[in-house]
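Numbering (the UniProt record's numbering), first residue to last: 1 to 138.
Everything on this sheet refers to the single structure shown next.
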């Protein structure tokens, strides 16, 4: 029952954003089995620290980035998940993981404004009629 539970299990599209905003720590399911895990970016962008299992081929680079930054941790199995949750809740380590997630997302978030500036510069370039633009981007 929401409001009374210490652990929520969510498996519905459209509800995870709210949970990621409320929960300081998120386990991304599907990562203990053949499902291959879930994309961690939304949870990280909304300020959650992340735990995941070893099977994350669908978002391996994302998990590696977050793991390396200290925003996420891989847990081997259910027992390790329980130990990690118990060891993190209410600790400074959890706060540090959440701060690391925010830093990673702030760095990644710079891609959009940089791309927009590059596109604006290209659009501002006036070309002669009939000119074919063929210069490859650096």
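For every residue, glycine included, the Cβ atom is placed at its ideal position computed from N, Cα and C.
In this text the structure is predicted, and so the values were computed from the model without any measurement.
Could you give the DSSP three-state label for residue i: helix, strand or coil?
i: residue 75; result: coil
i: residue 67; result: helix
i: residue 55; result: coil
i: residue 41; result: helix
i: residue 116; result: helix
i: residue 1; result: Here the model assigns residue 1 a pLDDT of 45, short of 50, so the residue's position is not dependable, and the following value carries that caveat. DSSP places residue 1 in coil when its eight states are reduced to three.
i: residue 7; result: coil
i: residue 140; result: The structure shown has nothing for residue 140, since the chain only spans 1 to 138.
i: residue 16; result: helix
i: residue 36; result: coil
Looking at the strands, I want to know which residues DSSP matches up with residue i.
i: residue 49; result: 25
In whole angstroms, what is the alpha-carbon distance linking residue i and residue j?
i: residue 105; j: residue 41; result: 8 Å
i: residue 68; j: residue 125; result: 40 Å
i: residue 55; j: residue 27; result: 13 Å
i: residue 7; j: residue 60; result: 26 Å
i: residue 47; j: residue 89; result: 15 Å
i: residue 38; j: residue 112; result: 23 Å
i: residue 30; j: residue 93; result: 25 Å
i: residue 33; j: residue 118; result: 42 Å
i: residue 82; j: residue 121; result: 51 Å
i: residue 53; j: residue 98; result: 18 Å
i: residue 15; j: residue 51; result: 19 Å
i: residue 108; j: residue 116; result: 14 Å
i: residue 25; j: residue 74; result: 13 Å
Can you tell me where the alpha helix (DSSP H) with residue i in it begins and where it stops?
i: residue 95; result: 92-108
If contacts are defined as beta-carbon pairs under 8 Å, then residue i and residue j qualify, I think. What distance do you get, rounded to the angstrom?
i: residue 70; j: residue 96; result: 6 Å
i: residue 49; j: residue 101; result: 6 Å
i: residue 63; j: residue 76; result: Actually they do not touch by this definition, with Cβ atoms about 14 Å apart.
i: residue 44; j: residue 66; result: 6 Å
i: residue 86; j: residue 58; result: Actually they do not touch by this definition, with Cβ atoms about 28 Å apart.
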